[in-house]
Ligand SMILES: Cc1ncc(COP(=O)(O)O)c(C=O)c1O
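In my numbering, the protein residues as written are 7 to 438.
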């Protein structure tokens with residue numbers, strides 16, 4: 007047998023999910039997992055009831071039809087599309103209808119469907135903003151699509167580099183067909199794109215005929231309500247943006263429910279034109295057939311319990327993240343008061359699940375293993391988010407699902423690890 011799974015990017019997400027089982031006693035700042043305390047069986051069963059009630063009272067199904075809908079095969083587009091579209095319109099000003107939405111098995115399936123649908127690997131390249139969530143670069147690798155990394159500035163992607171990359175691709179008889187970007191508290195860096203950067207990116211997209219794949223995963227997680235500028239999709243008047251969302255962080259990741267908003271008309275292989283959402287749903291017949299209707303029902307039931315609103319659900323969930331972020335920043339300040347002298351610094355995000363620490367030492371997988379074994383704390387090497395190289399002296403801390411006690415203890419251990427490593431290798435300073 008010839009195993010062709012040769013790109014390390016394919017292991018990156020699995021690694022984040024599995025490393026904790028290797029070091030079960032360690033405090034783990036590794037995975038970007040949501041905080042799920044309180045989401046017990048009773049809550050999920052109540053959510054299912056809420057969805058069944060909604061199916062009958064609002065959608066007009068009989069109780070039998072409502073039940074059958076969640077245990078049978080279902081439409082490949084999904085069964086909670088109108089609920090999602092309504093919330094996207096009312097909460098976020100995205101003019102979506104149910105027909106524009108495809109419910110996917112997490113955001114990850116959405117990436118695969120979009121790239122498979124719109125890219126010709128012989129001539130189309132995907133640009134992605136680095137550091138980057140590995141799922142999108144991995145999806146491109148899965149489909150044999152070439153990628154171009156665009157560095158991230160404090161306010162968003164470096165548009166100069168993006169423009170140059172488009173020109174370089176053109177000169178080589180290729181084109182950059184789309185840019186993947188997560189404007190709201192990106193994973194891993196926590197960057198939030200300013201309103202101005204969003205406007206400039208949309209302008210550039212129109213000039214370069216570049217589709218923007220907007221990942222809205224962490225939009226709900228701002229420290230201050232109203233501090234997130236409108237999404238690219240909400241400002242999109244020219245059909246330049248396909249938005250990808252997920253209920254993994256808002257509800258629970260085990261549901262595996264995500265969605266795409268794709269109202270654009272696309273030329274079909276047979277010459278006609280149809281809505282991109284239709285084409286994605288057609289392809290989905292060959293990936294997962296449909297997203298589990300039972301999972302859609304439970305996740306949508308949680309939304310219904312929040313008035314059918316993604317934003318309200320987000321606010322309910324977000325209190326924990328705001329407190330955890332403050333607790334981690336406070337703990338790092340207390341446990342590393344001499345950070346500046348040591349050459350250590352960290353970001354101060356205002357949303358998202360992540361914080362990035364820079365230090366003048368190599369922070370790779372070997373350092374992680376040593377830190378886990380000797381100090382009982384886990385994190386993620388930032389190099390995992392630079393698939394084409396970079397990030398070797400930085401680590402990502404995820405504070406999303408730990409308690410404040412764990413955060414404080416984890417920061418103590420991390421500070422000890424960093425200080426000891428730094429003192430053991432003083433000559434590394436200046437080589438960053
Ligand atoms: C930026 C970003 N997009 C997408 C996803 C994946 O979401 P899903 O669980 O819906 O596949 C994640 C998960 O961590 C993420 O951080």
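The C-beta atom is built at its ideal place from N, Cα and C for all residues, glycine as well.
- Annotated three-state conformation of residue 403 is strand, per DSSP.
- Non-local C-beta neighbours of residue 281 in its own chain, meaning closer than 8 angstroms and more than five positions away in sequence, comprise 105, 106, 268, 269, 270, 271 and 272, ordered along the chain.
- Secondary structure of residue 148 (DSSP, three-state): helix.
- Counting only beta-carbon distances shorter than 7 angstroms to the non-hydrogen atoms of ligand 1, the qualifying residues in chain order are 38, 112, 113, 114, 139, 141, 188, 192, 193, 221, 223, 224, 252, 254, 259, 262 and 264.
- A contact is defined here as three or more CB-CB pairs under 8 angstroms, and the segment 163-172 fails this definition with respect to the segment 30-40.
- Per DSSP, residue 136 is one residue of the beta strand (DSSP E) stretching across 130-136.
- If you look at residue 220, you'll find it in the beta strand (DSSP E) that goes 217-221.
- Checking the DSSP bridge columns, you'll see residue 265 partnered with 109 and 251.
- DSSP places residue 322 inside the alpha helix (DSSP H), whose first and last residues are 316-341.
- Residue 111 has its alpha-carbon roughly 8 angstroms from the corresponding atom of residue 298.
- Across the structure, residue 74 and residue 141 are spaced so that their CA atoms are roughly 33 angstroms apart.
- Between residue 136 and residue 266 a beta carbon distance of about 23 angstroms is seen, past the 8 angstroms cut, so the two are scored as non-contacting.
- By the 16-neighbour rule on beta-carbons within 10 angstroms, residue 251 is buried.
- DSSP places residue 186 in no alpha helix (DSSP H) but in the uninterrupted beta strand (DSSP E) bounded by 181-187.
- In this structure, the alpha-carbon of residue 398 lies about 31 angstroms from that of residue 206.
- Burial is judged here by how many other beta carbons sit within 10 angstroms of a residue's own beta carbon; residue 355 has at least 16 and is buried.
- Sequence-distant Cβ neighbours of residue 414 in its own chain, meaning closer than 8 angstroms and more than five residues away, are 333 and 337.
- Distance from the CA atom of residue 195 to the CA atom of residue 114, rounded to whole angstroms, is 19 angstroms.
- Around the beta carbon of residue 28, fewer than 16 other beta carbons lie within 10 angstroms, which makes this residue exposed.
- A distance of 8 angstroms or more separates the beta carbons of residue 350 and residue 370.
- Per DSSP, reduced to three states, the secondary structure at residue 379 is helical.
- Taking residue 417 as the centre and dropping the five residues before and after it, the same chain places the C-beta of 334, 337, 338 and 341 closer than 7 angstroms to its C-beta, in chain order.
- Where residue 360 is concerned, the enclosing beta strand (DSSP E) starts and stops at 360-364.
- Bridge partners of residue 272 according to DSSP: 280.
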